[in-house]
Amino acid sequence: MSIAKDAKDLAKGMLQGLMGKAVAMAPDSWIPGGEPDPLIRVRHGHVGKPVSRIDGPLKVAGAAPFAAEFPMEGMVYAALVYSTIAKGRILAINVAQAEAAPGVRAVMTYRNAPRIARPPVFMSDQKAAGGDDLPVMQEDFVRWNGEPVAVVLADTQEQADHATTLVAVSYELETPMTDFASAKDAGTRTAVFMGQALHQEIGDAEKALAAAAFRVDSHYSTPRHSHNAIELHAVTAAWIGGVLRLHDASQLVAHTAWSLGQMFGIPEDKVVVTSPFVGGGFGGKCLWQHQVLASMAAKLVGRPVRMVLSREGVYRIVGGRALTEQRVALAADAEGKLKAVVHTGTTAKTASNMMAEPFIVATRSMYESETFKLDVQVVELDMLANTFMRAPGEAVGTFALECAMDELAEALDIDPVELRIRNEPEMDPTSGLPFSSRNVVEAWRTGAERFGWSRRSAVPGTVRDGEWLVGMGCATGTYPYYRMPGGAARITLNAEGRASIDIAAHEMGMGTATAQTQVAAERLGLPMGAVSFHYGDSTLPGVVLAGGSQQTASIGASVIAAHRALVKELLAMAGNDSPLAGLKPDEVASRDGGLCRIDDPARHETYVSILSRAGKGSISAEGEAPMPLETQHWSMHSHAAMFCEARVNSVTGEVRIARFLGSFDCGRILNPKTAASQLRGGIIMGLGLALMEETQFDERNGRIVNASLSEYHVPVHMDVPDIDLIWTDIADPHTPMGARGIGEIGITGTAAAVANAVYNATGKRIRDLPITLDKLL
Amino acid sequence: MTMTMTVNGSPVSLPHDARVSLLDLVREHLHLPGTKKGCNQGACGACTVLVDGERILSCLALAVQFEGRSVTTIEGVGTPGALHPLQAAFIEHDGFQCGYCTPGQICSAIGMAQEIRRGVPSHVTADLAAPDIAPTRDELRERMSGNLCRCGTHNGIIDAIAEIVSADVLLPEPAQ
Amino acid sequence: MRPFRYSRAVDVADAVRLAGSPGARYLGGGTNLVDLMRETIEQPDALVDVTAMPGEIEETPEGGLLIGAAVRNTALAEHPAVRTRYPVLSRAIVAGASAQIRNMATLGGNLLQRTRCAYFYDNHGSRCNKRQPGQGCDALEGFHRNHAILGASAACIAVHPSDMAVALAALDAVVHLQGRNGSVRSLPVTDLHRLPGERPDVDTLLEPGELITAIELPPLPATLRSTYRKVRDRSSYAFALVSVAAVLDIADGEIRDVRIALGGVAHKPWRATRAESVLRGGSGTAAAFAAAADAELAEARPLPGNAFKIELARRTIVAVLRELAGDSA
């Protein structure tokens, strides 16, 4: 079945590939971003100012409502019973005792659940949101260890939780495939990701490797990871007059509305998903079974249902990052010029999803090389579907590639920073496309200077401070610019000269509402206080995923389109009595609460004046962002030079990060205050990836063992040093606002910088994450 | 006679169901959702509240244990229109992203400031016998380590707390 | 969580009386018991809240301290007498959990907390002899990096999670108990917890309904130095992989008294008596410390995932003793 899914995806990809060639050849001016966004020229306006978060007062006062905080009349609480086997048939499920427990309204199982269609799995359709395409409580069959098998609904959470322990389930166990090594032995196949086979060869890399004067060839492994947003996945669901209303914690409200509509067989406008605040997402707050089960349960009992997953529940039903085993082999001449880049390996997914962890994607564009061999093999396991987690592919792929670069630098006796600069490509080395904007060399040079890289001892294990061995390491981070189709926005101006921007986008802590208010104010020539930004509601325009670091671009392009439409209508409304009379949309700019002629700012009329003269209370315009052809016309990537100083205790092997610097080239920074937090946030998750994070998957039965925040370690305050940041702030001329998304790049390169610093401190090369102390004893 | 406690200065009846945690009491019964549930097992700190000025985890606390005690939640620390100086510092230093762990971080920091003033040692206190403890960044980090932040805003949080703790003004008592 | 009756004891006699039924449990700060009840691993039908029991921190006539069982961990760690005379205890307490938990947790409750073995916690999906004797142990061939290397059995390889108890073991603390019938007895803290053997479901030697009322710390001569070192996977808010509490009296290079206890390695705080006897009366050299550690760890029986703990414990013991010996070594 999943091979069929791949085939369909590949066919789509092939079509895209053909189109891509035409797009690549087209003149710049035909492409979105061919003409630079005029906002790029504005250097002293709202954009680029370190504005404090506009939702700050609500958040620090605990007054920002999250998904589990919408009380509804007659609401009941839900609790889940999870399967304890990875694969098999439910022989019996006894709910009588639970149903009789105090406060219990109903127990839902596959026997009495409303009949619905399967979830549309993410990437199978533009608005598909499902983490997998498995039936949700429709059958007597279990497909992963932890799959929900019953939902208890009761008047209080305490009653519901207790009643789950009274549900007795027996199974007929089938033999699951839960062991990675056995699955590999049974055969792998080439992974497909977003319609592309994760396989590429340029020249004969293995031959070049064998012939090269200098080479490294190592294996790396990374474990499973969990997003672990601190907000538990939660939803409040109600059927009100034939409309399904969900208060969700979501990074894709429009996708969720459409997908639930498909499942329940109702139009997407009969599903309303709101999500004004999201307590962290990182790829994990998409559509999983809880929203579906809560919606089904609300239907079953005819009441609103609140379902808050327990922390264990999050581990049982929300997928995380898959494990990888990678080989990186690099060959170079004596000057350090790469002759071969081999990056191959294997990861695991399920038959029910379309997400193979694409750990080679960063390698496609990082360095110039004569030959490439890139390949991802995949096996399918009987487990909870894996999914996107912050920088899928790049986070773990750059660990292997950038550790290998460090190993090569040592083999060549070339400084690791210098080695990277020597292999800087002129154009994208695997696609041949020109870069839209690439200043990673500048990031390396300024970063090395600021970090004091020249003080690093090239000989490992030579710097000591008491019990502690001290070392420095570096690595390149990279993340692409994405913009997904479907963006749209509405701008409304009222007679008081206030504007509202409506778009079905998301605020998970990235600072979207703040930065986009700055951008919109600038675009409209208004003070920030006159602009309100509405988001997190599926009834608003646009299909905007808060993922792939693309939301900023998607909103940006959508608002540009809406603004163009608005200006056109304003000019029409202004008519012949206006100082703007006769001007075309391309001839006007926004300033001081109105429009003016670009080359004659004195020809100006305020919005208030235009509306008032026309006798209108408001004017509204909607625009759709163009197809994101720019990503097939240019190679568009952000970069970072990551520097780490690690201390390793010579007695205990404990690793502590003493200093860290991220030097970024990620386009124009819209708000330095919120951007710094996002970039640091990525780096800190990268420190976790490097040193402690692992979702322990018991291969005997497919069960996640450390399903708690006490057993799954994320960094605590004491693990996090002051993290220094600098950025080039060079605008990308081909993106909205000159910005590229910054939500994910921080996690890329970080683990390698840490591993390389640990090597420099100790002389021990740890290629198997996380770098726990036992590996350093 | 109904047993009561005080929450943000108002008397509150203890729940009939002894299973109700202090966290669920404030969130579900009193509709004060500012106190957050992040794990419900004492592993994240999002549910931190102050009881008679001391920081505790409300998820591991049975509400019935708190008869006669005075509980302060984030709603009692300050409101969007009348922020506590520490809340204002969190905004200024961007000490949060998603905002979910934030109320717990703030309540925790208020309790922590009291502990430092009282001379409670921490894991990184070099001299246990010293009467005064300097609120170094490492002291703040260690003492705040019971509050997880997954967005990775640790630097901003410590910046905000350091500004208030080193301002040499006692934190005002939370509004009652 | 199963429904239960709640009552609050005003004193020890009241507590013991209220906890007279078989399904009753004492409730301290709740930091472990409430969690275990939520996981339905503990299912008491009555809770007797003992946090209101009287009992502070008092000087004993012998020059030690008597500490009420309801004293909170923070109050104990910050007490001037503890900080100056028993630094190992202060250090151990503040190495554990988080400040919020230490503000809640009581002395008695801390001692009686149960293992954090993830299979023990996975009440519905994993096998555990500690939860259900005879069920089997999924840790043996599963994830057991955190598990015991000393004193484990084929039935259970769980470790005791307390830091404080490790320090108390090194201090020769005594546990005062009161039984259901009003009987009073005391136990060395090292005898409170038991090794798993065939009955890993039984953590301690407490009788049913018996209540910890106080802990007594014997006096510690001023010449003794003590400290606690904890090694863990992140720098705070994590359980020990290995921890070492040590008390050392050394003069002119000769060890007059030494007491060592290990955490994170066994089903109970592990008093390293073999190492102590190697050291006592001998010289305080690094080589002697290493020999003592080796003597203690000779009995270690590691599994593939936790074999590193032997080397880690050896190194940590030596480092702690060297630190305490200071210039005398």
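Heads up: the protein sequence lines correspond to chains A, B and C, in order. Letter by letter, the first sequence follows residues 0 to 776 in numbering that gives the first Met the number 0. Letter by letter, the second sequence follows residues 0 to 175 in numbering that gives the first Met the number 0. Letter by letter, the third sequence follows residues 0 to 328 in numbering that gives the first Met the number 0. Cβ coordinates follow ideal geometry from the N, Cα and C atoms, glycine included. Model, not experiment: these values are computed from the prediction.
task = Keeping to the same chain, check which residues put their C-beta closer than 6 Å to that of B/His-83; ignore five residues upstream and five downstream.
result = Start at 1 with the first residue of the second sequence, and residue 83 of chain B comes out as number 84. Answer for B/His-83: Val-76 and Gly-77, listed in chain order.
message = I need the DSSP call for C/Leu-110, collapsed to helix, strand or coil.
response = Taking the first residue of the third sequence as 1, we reach residue 110 of chain C at position 111. Helix.
ask   = Of all the options C/Arg-198, C/Leu-191 and C/Val-174, which has the alpha carbon lying nearest to the alpha carbon of C/Ala-157?
value = For the purposes of this step, residue 157 of chain C is taken as residue 158 along the third sequence, with counting starting at 1. When C-alpha distances from C/Ala-157 are compared across C/Arg-198, C/Leu-191 and C/Val-174, the shortest belongs to C/Arg-198.
inquiry  = Please state the DSSP three-state secondary structure of A/Met-0.
reply    = Translated into positions along the first sequence, residue 0 of chain A becomes position 1. Residue confidence for A/Met-0 is low, a pLDDT of 49 falling below 50, so the modelled location carries little weight; the figure read from the coordinates is stated next. Coil at A/Met-0, not helix or strand.
Within 8 Å, strictly: CB atoms of A/Tyr-81 and A/Ala-153 = In the first sequence, the residue the question calls residue 81 of chain A occupies position 82. In the first sequence, the residue the question calls residue 153 of chain A occupies position 154. No, they are not a contact pair.
task = Could you check which residue in C/Val-246, C/Leu-111 and C/Pro-60 has the C-alpha nearest to that of C/Val-87?
result = As a first step, residue 87 of chain C must be located in the third sequence, where it is residue number 88. Residue C/Val-246 is the option with its Cα nearest to C/Val-87.
task = With DSSP as the reference, label B/Ser-9 as helix, strand or coil.
result = Residue 9 of chain B sits at position 10 when you count from the first residue of the second sequence. Reduced to three states, the DSSP call for B/Ser-9 is strand.
message = Would A/Arg-421 and A/Gly-318 be called neighbours here (beta carbons separated by less than 8 Å)?
response = For the purposes of this step, residue 421 of chain A is taken as the residue at position 422 of the first sequence. For the purposes of this step, residue 318 of chain A is taken as the residue at position 319 of the first sequence. Going by C-beta atoms, A/Arg-421 is not nearer than 8 Å to A/Gly-318.
inquiry  = Is C/Ala-329 close to chain B? Criterion is C-beta to C-beta, closer than 8 Å.
reply    = Because chain C in this structure spans residues 0 to 328, residue 329 of chain C falls outside the shown range and cannot be described.
key: Those residues which DSSP pairs with A/Asn-93 across a bridge   = Translated into the one-based positions of the first sequence, residue 93 of chain A becomes position 94. DSSP lists A/Ala-167 as the bridge partner or partners of A/Asn-93.
ask   = If we cut at 8 Å on Cβ distances, does A/Leu-768 have a partner in chain C?
value = Residue mapping note: residue 768 of chain A aligns to position 769 of the first sequence, counting from 1. No, because no Cβ of chain C sits closer than 8 Å to the Cβ of A/Leu-768.
message = Can you tell me whether A/Leu-251 is helix, strand or coil according to DSSP?
response = Residue mapping note: residue 251 of chain A aligns to position 252 of the first sequence, counting from 1. Under the three-state reduction of DSSP, A/Leu-251 is assigned to coil, being neither helix nor strand.
First through last residue of the alpha helix (DSSP H) which encompasses A/Tyr-758 = Here the question's residue 758 of chain A lines up with position 759 in the first sequence. Its alpha helix (DSSP H) spans residues 749-761.
task = Using three-state DSSP, classify C/Ser-276 as helix, strand or coil.
result = Along the third sequence, one-based indexing puts residue 276 of chain C at 277. Helix.
request  = Go ahead and label A/Thr-761 buried or exposed: buried means 16 or more other beta carbons lie within 10 angstroms of its beta carbon, across all protein chains shown.
outcome  = Here residue 761 of chain A refers to the residue found at position 762 when the first sequence is read from its first residue. By the neighbour-count rule (16 or more Cβ atoms within 10 Å), A/Thr-761 is buried.
task = Determine whether the Cβ of B/Arg-18 lies closer than 8 Å to any Cβ atom of chain C.
result = Locating residue 18 of chain B in the second sequence gives position 19, where the first residue counts as 1. Between B/Arg-18 and chain C, the shortest Cβ-Cβ separation is below 8 Å.
ask   = Closest to C/Val-165 by CA distance: which of C/Ala-98, C/Ala-151, C/Ile-92 and C/Ala-51 is it?
value = Taking the third sequence and counting its residues from 1, one reaches residue 165 of chain C at position 166. C/Val-165 has its Cα closest to that of C/Ile-92, out of C/Ala-98, C/Ala-151, C/Ile-92 and C/Ala-51.
task = For A/Glu-710, go through chain C and note every residue whose CB falls closer than 7 Å to its CB, in chain order.
result = Position 711 of the first sequence, counted from the start, is the residue given in the question as residue 710 of chain A. In chain order: Ala-117.
inquiry  = Helix, strand or coil, according to DSSP, for A/Trp-726 in the structure here?
reply    = For the purposes of this step, residue 726 of chain A is identified with residue 727 of the first sequence, where counting begins at 1. Look at A/Trp-726 here: in three-state DSSP terms it is strand.
query = Looking only at its own chain, which residues have a Cβ that is under 6 Å from the Cβ of B/Ala-45, when we skip the five neighbours before and after it?
reply = Against the second sequence, residue 45 of chain B aligns to sequence position 46. Excluding residues within five positions, the ones whose Cβ falls inside 6 Å are Lys-35, Gly-37, Cys-100 and Gly-103.
inquiry  = Starting from A/Tyr-779, trace the alpha helix (DSSP H) in both directions and tell me its first and last residue.
reply    = In this structure chain A extends from 0 to 776, so residue 779 of chain A is not present and cannot be described.
inquiry  = Can you check whether the C-beta of A/Glu-171 is within less than 8 Å of a C-beta belonging to chain C?
reply    = For the purposes of this step, residue 171 of chain A is taken as the residue at position 172 of the first sequence. For A/Glu-171, the answer is no, since every Cβ of chain C falls outside 8 Å of its Cβ.
task = Starting from C/Asp-34, follow the alpha helix (DSSP H) in both directions and report where the run begins and ends.
result = Here residue 34 of chain C refers to the residue found at position 35 when the third sequence is read from its first residue. 32-37 is the span of the alpha helix (DSSP H), which, as asked, contains C/Asp-34.
Members of the segment 63-88 of chain C near chain B, C-beta cut-off 7 Å = Taking a C-beta cut-off of 7 Å against chain B, the contacting residues of the segment 63-88 of chain C are Thr-73, Ala-76, Glu-77, Arg-82, Thr-83 and Pro-86, listed in chain order.
ask   = How close, in whole Å, do the beta carbons of A/Thr-343 and A/Leu-322 come, if the pair is a contact with beta carbons under 8 Å?
value = Taking the first sequence and counting its residues from 1, the one referred to as residue 343 of chain A is at position 344. Taking the first sequence and counting its residues from 1, the one referred to as residue 322 of chain A is at position 323. Taking a contact as a CB-CB distance under 8 Å, the pair A/Thr-343 and A/Leu-322 does not count as one, their CB atoms being some 15 Å apart.
key: Under 8 Å by beta carbon: chain B residues contacting C/Pro-2   = By one-based count along the third sequence, residue 2 of chain C stands at place 3. Neighbours of C/Pro-2 on chain B, chain order: Asp-16, Ala-17 and Arg-18.
task = Please confirm whether A/His-246 and A/Tyr-480 have their CB atoms less than 8 Å apart.
result = Walking along the first sequence from the start, residue 246 of chain A turns up at place 247. Walking along the first sequence from the start, residue 480 of chain A turns up at place 481. Taking 8 Å as the Cβ cut-off, A/His-246 and A/Tyr-480 do not qualify as a contacting pair.
inquiry  = So, at 6 Å on beta carbons, what are the nonlocal neighbours of B/Met-111 in its own chain, with the 5 sequence-adjacent residues on each side left out?
reply    = Translated into the one-based positions of the second sequence, residue 111 of chain B becomes position 112. Cβ contact annotation for B/Met-111 (same chain, cutoff 6 Å, sequence separation greater than five): Arg-142, in chain order.
query = Rounded to the nearest angstrom, how far is the Cβ of A/Leu-565 from that of A/Leu-582, given a contact under 8 Å?
reply = Stepping through the first sequence from its first residue, residue 565 of chain A is reached at position 566. Stepping through the first sequence from its first residue, residue 582 of chain A is reached at position 583. About 14 Å separates the beta carbon of A/Leu-565 from that of A/Leu-582, a gap too long to meet the 8 Å contact definition.
query = Hey, does A/Asn-705 have any beta-carbon neighbour from chain B nearer than 8 Å?
reply = Translated into positions along the first sequence, residue 705 of chain A becomes position 706. Answer no: the Cβ-Cβ gap between A/Asn-705 and chain B never drops below 8 Å.
request  = Enumerate in chain order the residues of its own chain whose CB-to-CB distance from A/Met-797 is below 6 Å, with the five nearest sequence positions on each side excluded.
outcome  = For residue 797 of chain A there is no data in the structure shown, the boundaries of chain A being 0 and 776.
task = Mind listing the chain C neighbours of B/Glu-138? Cutoff is C-beta to C-beta under 8 Å, in chain order.
result = Within the second sequence, residue 138 of chain B is the residue found at index 139, counting from 1. None at all; the shortest Cβ gap to chain C is about 11 Å.
ask   = On the premise that A/Val-757 lies in contact with A/Ile-765, defined as a C-beta separation below 8 Å, what is that separation, rounded to the nearest angstrom?
value = By one-based count along the first sequence, residue 765 of chain A stands at place 766. By one-based count along the first sequence, residue 757 of chain A stands at place 758. Confirmed, Cβ separation roughly 6 Å.
request  = Identify, in the order they occur along the chain, each residue of the same chain with its Cβ nearer than 8 Å to the Cβ of C/Arg-130, setting aside the five sequence neighbours on each side.
outcome  = Sequence index remark: in the third sequence, residue 130 of chain C carries index 131 (1-based). Closer than 8 Å at the Cβ level, and outside the excluded window around C/Arg-130, lie Ile-40, Phe-119, Asn-122 and Asp-200.
ask   = Below 8 Å between beta carbons: does that hold for C/Gly-108 and C/Thr-212?
value = What you label residue 108 of chain C is simply residue 109 of the third sequence in a count that begins at 1. What you label residue 212 of chain C is simply residue 213 of the third sequence in a count that begins at 1. Result no, Cβ atoms of C/Gly-108 and C/Thr-212 do not sit closer than 8 Å.
key: Opposing strand residues paired with C/Lys-329 [DSSP bridges]   = Nothing in the structure corresponds to residue 329 of chain C, since chain C is present only between 0 and 328.
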